[in-house]
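**Q** 24 is the number of the first residue of the sequence shown in the working numbering; add one for each residue after it.
Don't be surprised by glycine CBs; every beta carbon is placed ideally from N, CA and C.
My structure is below; once you've seen it, I'll send some questions.
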Amino acid sequence: MKRLRRNRDGNDPETNPDPDREGSFLKDQQERKCGLGSTRSMGFVVVALMLVSVVFSVSVVLQDPPSDGVLDSAKDVRFADVMESIKEQRVLEVKPQKGIGPVDDHAPPVEERKDKLQGGLLVAGFDETSCISRYQSILYRKESLHKASPYLISRLQSYEALHKRCGPYTESYNKTLEKLKTGDHLESTDCNYLVWISFSGLGNRILTLASAFLYALLTNRVLLVDPGDDMVDLFCEPFPELSWFLPLDFPLTSQFSSFDQKSPHCFGKMLKNNTFANSSRSISSSFVYLHLVHDYDDQDKLFFCDEDQTSLREVPWLIMKSDNYFVPSLFLIPSFEQELGNLFPRKETVFHFLGRYLLHPTNQVWGLITRYYQAYLAKADERIGIQIRVFDTATGPFKHVFDQILACALKENLLPEISSEKSITNQSLKSKAVLVTSLSAGYFERLRDMYWEHPTVTGEIIGFYQPSHEEYQQTEKRFHNRKAWAEMYLLSLMDVLVTSSWSTFGYVAQSLGGLKPWILYKPENRTVPDPPCRRVMSMEPCFHAPPFYDCKAKRGIDTGAVVPHVRHCEDMSWGLKLVDNKSEL
Numbered sequence: 024m025k026r027l028r029r030n031r032d033g034n035d036p037e038t039n040p041d042p043d044r045e046g047s048f049l050k051d052q053q054e055r056k057c058g059l060g061s062t063r064s065m066g067f068v069v070v071a072l073m074l075v076s077v078v079f080s081v082s083v084v085l086q087d088p089p090s091d092g093v094l095d096s097a098k099d100v101r102f103a104d105v106m107e108s109i110k111e112q113r114v115l116e117v118k119p120q121k122g123i124g125p126v127d128d129h130a131p132p133v134e135e136r137k138d139k140l141q142g143g144l145l146v147a148g149f150d151e152t153s154c155i156s157r158y159q160s161i162l163y164r165k166e167s168l169h170k171a172s173p174y175l176i177s178r179l180q181s182y183e184a185l186h187k188r189c190g191p192y193t194e195s196y197n198k199t200l201e202k203l204k205t206g207d208h209l210e211s212t213d214c215n216y217l218v219w220i221s222f223s224g225l226g227n228r229i230l231t232l233a234s235a236f237l238y239a240l241l242t243n244r245v246l247l248v249d250p251g252d253d254m255v256d257l258f259c260e261p262f263p264e265l266s267w268f269l270p271l272d273f274p275l276t277s278q279f280s281s282f283d284q285k286s287p288h289c290f291g292k293m294l295k296n297n298t299f300a301n302s303s304r305s306i307s308s309s310f311v312y313l314h315l316v317h318d319y320d321d322q323d324k325l326f327f328c329d330e331d332q333t334s335l336r337e338v339p340w341l342i343m344k345s346d347n348y349f350v351p352s353l354f355l356i357p358s359f360e361q362e363l364g365n366l367f368p369r370k371e372t373v374f375h376f377l378g379r380y381l382l383h384p385t386n387q388v389w390g391l392i393t394r395y396y397q398a399y400l401a402k403a404d405e406r407i408g409i410q411i412r413v414f415d416t417a418t419g420p421f422k423h424v425f426d427q428i429l430a431c432a433l434k435e436n437l438l439p440e441i442s443s444e445k446s447i448t449n450q451s452l453k454s455k456a457v458l459v460t461s462l463s464a465g466y467f468e469r470l471r472d473m474y475w476e477h478p479t480v481t482g483e484i485i486g487f488y489q490p491s492h493e494e495y496q497q498t499e500k501r502f503h504n505r506k507a508w509a510e511m512y513l514l515s516l517m518d519v520l521v522t523s524s525w526s527t528f529g530y531v532a533q534s535l536g537g538l539k540p541w542i543l544y545k546p547e548n549r550t551v552p553d554p555p556c557r558r559v560m561s562m563e564p565c566f567h568a569p570p571f572y573d574c575k576a577k578r579g580i581d582t583g584a585v586v587p588h589v590r591h592c593e594d595m596s597w598g599l600k601l602v603d604n605k606s607e608l
């Protein structure tokens, strides 16, 4: 077997023969010439050299190893070489750039590495260096249990064609923009638009952006994204050829911050004042502002009624501000029902697919993600995410929160018990890496010290890691949001997840990762809930402020009991979320 391992250095007898041995051998041969001619003697020399080379090689192969340790070391080196060769072959389809993709044995399987387009969800043709995460994120994920429906893929391709035809500075865009400037709405336009206003914290923005895109898809509108202070810094362009970002010279941008329920173009106010062109409830304005923020009133909530959707159909410009994931209520609008069913046969995959389609971290953020993953998480046998968000005005960390986290992790066998003994004889080779995200470092430090100072009863090695602890949310700071986006994404790469109630940060992570986390119940009176956590029904986010209104009967109703696939959330009793109706699967 040692013939497979050749040391190409100065000690290799096959590449650097010993000069002393060669000199002695040649001297012996010269003494035995016995008068042979020079030509014949040269022939003997050549043959002799060949024989010596063969004999020496055989002796190297057949000699006994000096020790088991040397043999084991050689085997380890040869094994490492073979594994490295195999890995190089595995990534021929999607080869990570140096310092970007994972290079350890814990990388995803071959099949997933080859499918950088994620089953057709993504489109080819982008400059890969401009947004490395678009095609390389698949290297860091396990194979998804969910596949996008052919109809969803077809509709996304149709949208891309629409965006190319109607996007910023196209002829249709310029024509429709002129109508906005002049207020002319006498003729229908080739393209209609939905403008998403950048508003609220990053988690909320991500969820509302996906909601807005789905609404644009359902109503055949072009989505344009207000870049705000940092959207360009955080997210790559998702569509080929034309940008999804709203041009900086858009005439209404300066008014975005002042738009509210009192604005004359607010949809709810227009309904209240009956501001319609005729009895058919059509709107003559060139634009309408949609106020879907948590404080919206009953008139604003009529946005979720079929009749009022009809009145918005011909408005060329809709301007939307929201801090809610309002997708569940779109599933309660009858005119959207069949289309949504075709797009998402499995209801709990809405954000999972839309998020993976739309939201690709920029290279700056991707660097934060991959460097941290490779340094601390890649080599673990299992990766666990614990996302901690405490809604308390006092300064933490809090003992009851730590006790709740630990109780959940132990009860659900996510972490092993620790032992009071000094050592454990049945040492396990299994390792777990626990990624903790929190504004406070206190919870991470207590968990880390606890598992450092005591062995686990299983002998498993547990490592705890926390990328940042900003102490308080700093939405206005660019680098704070880079780190927040990186941590959401890192959480989505975990094998299992524990999240906090009411937290959009956790919602984004679980849905992107295709994970059903254990969610920590919101504590009351600073005591540990019993049970401390539960497994969620689906990976979909929760709509925190849904309407409770029957549009046909024009009365209040429990919208969480209308259809089997829209239910109340585990962490917020009045919220709504999408679930899969088991009888339909």
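1. Find the nearest neighbour of Val519 within the set Ile542, Glu260, Leu353, judged by alpha-carbon distance.
2. Quick one: grab the DSSP three-state call for Ala456.
3. For Lys110, I'd like the list of residues in its chain whose CB is within less than 6 Å of its CB, leaving aside the five on either flank, ordered along the chain.
4. Please classify Asp127 as buried or exposed, where buried requires at least 16 other C-beta atoms within 10 Å of its C-beta.
5. Take Arg471 and list the residues in its own chain whose beta-carbon comes closer than 7 Å to its own, dropping the five residues that flank it on each side.
6. Identify which residue in Pro274, Tyr380, Pro587 has its Cα closest to the Cα of Leu140.
7. Among Lys295, Pro287, Phe282, Glu183, which one has its Cα closest to the Cα of Glu264?
8. Determine which residues share a DSSP beta bridge with Arg558 and list them.
9. Where are the alpha helix (DSSP H) runs, 4 residues long or more, that stay fully inside the segment 342-384, in chain order?
10. For the 8 Å Cβ check, are there 3 or more pairs between the segment 322-333 and the segment 204-219?
11. On the CB-based measure, 16 or more other CB atoms within 10 Å of its CB, does Lys292 come out buried or exposed?
12. Pull up the distance between the alpha-carbon of Ser221 and that of Glu483, whole angstroms please.
13. Please report how far the alpha carbon of Thr152 lies from the alpha carbon of Pro439, in whole angstroms.
14. Can you tell me the Cβ-Cβ gap for Lys539 and Ser561, rounded? I've got them flagged as a contact below 8 Å.
15. Using CA atoms only, rank isn't needed, just tell me which of His591, Ser223, Leu246, Leu275 is closest to Lys500.
16. Rounded to a whole number of angstroms, what is the C-alpha to C-alpha distance between Leu313 and Leu341?
17. Compare the C-alpha of Ala233 against each of Phe282, Met473, Leu433, Phe258 and name the closest.
18. Give every residue of the same chain whose Cβ lies closer than 6 Å to the Cβ of Gly536, excluding the five residues on either side of it in the sequence, and list them in chain order.
19. I think Leu353 touches Leu241, with their Cβ atoms under 8 Å apart; what is that distance to the nearest whole Å?
20. Grab me the residues of Thr372's own chain with a C-beta within less than 6 Å of its C-beta, minus the 5 sequence neighbours each way, in chain order.
21. Look at the alpha carbon of Gly598 and the alpha carbon of Arg505, and state the distance between them as a whole number of angstroms.
22. Using beta-carbon positions only, say whether Lys202 and Thr212 come within less than 8 Å of one another.
23. Smallest Cα separation from Leu225: which of Gly579, His288, Val316, Phe528?
24. Measure the C-alpha to C-alpha separation of Pro191 and Pro270 and round it to an integer number of angstroms.
25. Cα separation between Met473 and Ile441?
26. Excluding the 5 residues flanking His591 on each side, which residues of the same chain have their C-beta closer than 8 Å to its C-beta?
27. Taking the Cβ atom as the reference point for each residue, do Val609 and Leu335 lie within a distance shorter than 8 Å?
28. For Gly378, I'd like the list of residues in its chain whose CB is within less than 8 Å of its CB, leaving aside the five on either flank, ordered along the chain.
29. Taking buried to mean at least 16 other C-beta atoms within 10 Å of its own C-beta, is Asp320 buried or exposed?
30. Quick check on DSSP: helix, strand or coil for Tyr396?
31. For a minimum of 3 consecutive residues, which ranges assigned as the beta strand (DSSP E) are wholly contained in the segment 472-509?
32. Helix, strand or coil for His314, going by three-state DSSP, please let me know.
33. Is it right to say Leu452 is buried, meaning 16 or more other beta carbons lie within 10 angstroms of its own, or is it exposed?
34. For Phe268, which of helix, strand or coil comes out of DSSP?
35. Starting from Ile155, trace the alpha helix (DSSP H) both ways and give me its first and last residue.
**A** Checking against the coordinates, here is how it stands:
1. Ranking the options by Cα distance to Val519, first place goes to Ile542.
2. Shown here, Ala456 sits in a strand according to DSSP, grouped into three states.
3. Note that Lys110 scores 36 on pLDDT, short of 50, meaning its location in the model is unreliable and no value can be drawn from it.
4. With a pLDDT of only 39 at Asp127, under the threshold of 50, the placement of this residue in the model should not be trusted, and no figure is reported.
5. Only Phe487 meet the Cβ criterion.
6. When each option's Cα is compared against that of Leu140, the closest is Tyr380.
7. Closest option to Glu264, Cα to Cα, is Glu183.
8. Trp541.
9. Runs found: 350-353, 357-366, 373-381.
10. No, the segment 322-333 does not touch the segment 204-219.
11. Sixteen is the threshold: when 16 or more other Cβ atoms of the shown chains lie within 10 Å of the Cβ of Lys292, as they do, the residue is buried.
12. In this structure, the straight-line span from the alpha carbon of Ser221 to that of Glu483 is close to 45 Å.
13. In this structure, the alpha-carbon of Thr152 lies about 42 Å from that of Pro439.
14. The C-beta distance from Lys539 to Ser561 rounds to 7 Å, short enough to meet the 8 Å contact threshold.
15. Selected option, being the one with the closest Cα: Ser223.
16. Approximately 7 Å, taken between the alpha carbons.
17. Cα-wise, what sits closest to Ala233 is Phe258.
18. Cβ within range, chain order: Ser515.
19. Leu353 to Leu241, Cβ: 7 Å. Contact.
20. Correct list, in chain order: His169.
21. Answer to the nearest angstrom: the Cα atoms are 29 Å apart.
22. Yes, the Cβ-Cβ distance between Lys202 and Thr212 is below 8 Å.
23. Minimum Cα distance to Leu225 is reached at Phe528.
24. If you take the alpha carbons of Pro191 and Pro270, they lie about 7 Å apart.
25. When rounded, the distance between both Cα atoms is 8 Å.
26. Cβ contact annotation for His591 (same chain, cutoff 8 Å, sequence separation greater than five): Gly583, Trp597, Gly598, Leu599, Lys600, in chain order.
27. With the chain covering only 24 through 608, there is no way to say anything about residue 609.
28. Cβ-Cβ distances below 8 Å link Gly378 to Ile229, Ala233, Val531, Ser534, Leu535 in the same chain, with the five nearest sequence neighbours on each side left out; the list follows chain order.
29. Classification of Asp320: exposed, given that the 10 Å Cβ count is below 16.
30. Helix.
31. Counting only runs of 3 or more, we get 484-488.
32. Strand.
33. It counts as exposed.
34. For Phe268, the three-state secondary structure derived from DSSP is strand.
35. Going by DSSP, Ile155 is part of the alpha helix (DSSP H) stretching over 155-159.
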